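Undergrad:
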Amino acid sequence: MKYLSLRSVLFLSAPFAFVLFALAFTGCVQDVENHEKSGIAISFDDHFIDEWYALRPLFQKYQAKVTFFITCPDSLSKDEISKLKQLEKDGHEIGFHSTNHGKSTELIGAFGPAKYAEMELEPGMKYMAAAGFKPRSYAHPGGNHNDQVDSVLFANGFKMLRDVAVSRRQLFGYQIYALAPRLMNWIYYSFDGEKNVDALLIDTDAGLSNAEMNEAIGKAKNTNTTLMLFGHEPLYKAPENGEYGFSVAFLEKILKEANRQKLKFYTMSELVETK
């Protein structure tokens with residue numbers, strides 16, 4: 002996970018601050034004539050199948066396609082499998098998010114690569130295959146991974162690995178770092194064949210504003226790149242009782258602005274497959 006601490010943001014040296022300003026400014030004006038590939042790639046993690054399926058009318062309204070990363074596939078019901086197949090038929094991608102949502106670095110450190118694959122990849126992929134799905138992209142649970150984990154995932158056939166990026170965090174009620182999404186170059190895909198990517202968290206606790214998202218979408222448009230975002234459970238009111246997820250109203254504003262700026266919608270595996 003890549004971020005700057007709030008202390009670093011407040012006390013940036015003058016030369017570095019100027020570089021950040023220059024990056025932000027040039028990101029808004031360069032390559033304004035070339036928008037051929039500019040887009041947005043949105044993905045959702047965990048096992049909120051019914052809640053995601055309820056968003057079908059919203060996706061259809063904006064002609065959006067997204068990626069759903071499934072964890073704990075052993076518990077998929079027949080109804081959930083049917084809904085995922087319909088979502089896939091709609092043009093969305095069904096990805097994989099591990100068998101048990103374990104901490105990959107701890108598992109591979111304790112048991113080695115072969116046992117890690119046996120515990121967290123192979124069982125879940127068998128359940129996915131039995132349900133009729135062949136995931137090509139993988140989202141790291143909690144953004145937890147290292148080079149050794151990645152090598153095992155690629156060896157098991159995944160074409161794209163998605164990590165986690167966060168713009169804002171709080172600890173004990175205090176904000177400990179903040180960085181505007183337009184400055185986070187790693188959340189924009191430049192169609193260079195990169196297979197390890199970072200998507201920005203849009204859940205409510207990320208504290209993102211509509212203005213920041215509009216600027217981020219504008220940067221993708223102006224730089225001919227794709228903005229990568231992700232969330233968890235769709236929420237229609239403030240989270241309660243341990244809920245974690247994104248505001249559906251906020252998601253619609255993102256989809257509406259992406260449409261207004263004529264961005265393409267990509268699934269995660271499409272990014273690495275687009276030349």
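Going from the sequence shown to my numbering is simple: count from 1 and add 1. Note that beta-carbon positions come from the ideal geometry of N, C-alpha and C, so glycine has one too. Computed from a prediction, not measured in an experiment: that's the story for all the values here.
Check whether the stretch 216-228 touches the stretch 38-57, counting contact only when three or more Cβ pairs, one atom from each stretch, lie closer than 8 Å.
TA: Output reads yes: the stretch 38-57 touches the stretch 216-228.
Undergrad: In the structure shown, what three-state DSSP assignment does Tyr54 receive?
TA: Tyr54 falls in the helix class under three-state DSSP.
Undergrad: Taking 8 Å as the threshold (C-beta atoms), are Thr275 and Phe1 in contact?
TA: Past the boundaries of the shown model lies residue 1; the chain is included only from 2 to 276, so the question cannot be answered.
Undergrad: Are the CB atoms of Met229 and Asp206 within a distance shorter than 8 Å?
TA: No, the Cβ-Cβ distance between Asp206 and Met229 is not below 8 Å.
Undergrad: I'd like to know if the stretch 244-257 and the stretch 48-61 are in contact, where contact means that at least 3 CB-CB pairs between them fall below 8 Å.
TA: Yes: at least three Cβ pairs fall under 8 Å.
Undergrad: For Val198, which residues does DSSP report across the bridge?
TA: Arg163.
Undergrad: Is the beta carbon of Val165 closer than 8 Å to that of Thr106?
TA: No, Cβ-Cβ distance for Thr106 and Val165 is not below 8 Å.
Undergrad: Let me see if you follow: with CB-CB separation under 8 Å, is Thr227 close to chain D or not?
TA: In summary, chain D is missing from the structure at hand, where a single protein chain is found.
Undergrad: From Ala25 to Phe45, what does the alpha carbon distance come to, in whole angstroms?
TA: Residue placement at Ala25 cannot be trusted, given a pLDDT of 45 that sits under 50; what the coordinates show is reported in the next sentence. Approximately 28 Å between the Cα atoms of the pair.
Undergrad: If we count the other Cβ atoms within 10 Å of its Cβ and call it buried at 16 or more, is Glu195 buried or exposed?
TA: By the neighbour-count rule (16 or more Cβ atoms within 10 Å), Glu195 is not buried but exposed.
Undergrad: What are the start and end residues of the beta strand (DSSP E) that includes Phe45?
TA: Its beta strand (DSSP E) spans residues Gly40 to Asp47.
Undergrad: By how many angstroms is the C-alpha of Phe173 removed from the C-alpha of Ser270?
TA: Distance between the alpha carbons of Ser270 and Phe173 is about 37 Å.
Undergrad: At the level of alpha carbons, what is the spacing between Glu94 and Ile82?
TA: Going from the Cα of Glu94 to the Cα of Ile82 covers about 13 Å.
Undergrad: Please determine if the stretch 258-269 and the stretch 62-77 are in contact, where contact requires at least 3 C-beta pairs separated by less than 8 Å.
TA: The stretch 258-269 vs the stretch 62-77: in contact.
Undergrad: Phe97 and Tyr54 - do their beta-carbons sit closer together than 8 Å?
TA: No, these two residues do not count as a Cβ contact at 8 Å.
Undergrad: Starting from the Cα of Gly103, find the closest Cα among Asp51, Thr72, Ile188 and Asp91 and give me that residue.
TA: Ranking Asp51, Thr72, Ile188 and Asp91 by Cα distance to Gly103 puts Thr72 first.
Undergrad: Should Ala217 go down as buried or exposed, given a rule of 16 or more other Cβ atoms within 10 Å for buried?
TA: Buried, since its Cβ has 16 or more Cβ neighbours within 10 Å.
Undergrad: Using the Cβ count rule (16 or more neighbours within 10 Å means buried), how would you classify Gly125?
TA: So Gly125 ends up on the buried side.
Undergrad: Give the straight-line distance between the Cα atoms of Gly144 and Ala181, rounded to the nearest whole angstrom.
TA: Distance between the alpha carbons of Gly144 and Ala181 is about 20 Å.
Undergrad: Closer than 6 Å by C-beta to Phe159: which residues in its own chain qualify, once you throw out the five before and the five after it? Chain order, please.
TA: Taken in chain order, the residues that qualify are Tyr139.
Undergrad: Taking buried to mean at least 16 other C-beta atoms within 10 Å of its own C-beta, is Tyr175 buried or exposed?
TA: Tyr175 comes out exposed.
Undergrad: Go ahead and pull the three-state DSSP assignment for Pro235.
TA: Note: Pro235 maps to strand in three-state DSSP.
Undergrad: State yes or no: is the C-beta of Glu244 within less than 8 Å of the C-beta of Glu52?
TA: No, the Cβ-Cβ distance between Glu244 and Glu52 is not below 8 Å.
Undergrad: Starting from the C-beta of Asp204, find all residues in its chain whose C-beta is less than 8 Å away, skip the five residues before and the five after it, and write them out in chain order.
TA: Closer than 8 Å at Cβ, skipping near neighbours: Gly232, His233, Tyr245, Gly246 and Phe247.
Undergrad: Can you give the Cα-Cα distance for Met214 and Ile188, rounded to whole angstroms?
TA: Taking the straight line joining both Cα atoms gives about 12 Å.
Undergrad: With 16 as the cutoff for other CB atoms within 10 Å, does Asp47 come out buried or exposed?
TA: Buried, since its Cβ has 16 or more Cβ neighbours within 10 Å.
Undergrad: Does DSSP put Met229 in a helix, in a strand, or in coil?
TA: DSSP places Met229 in strand when its eight states are reduced to three.
Undergrad: So Phe69 and Leu88 are in contact, right, with Cβ under 8 Å, and what is the actual spacing, rounded?
TA: Contact flag correct, Cβ pair sits at about 7 Å.
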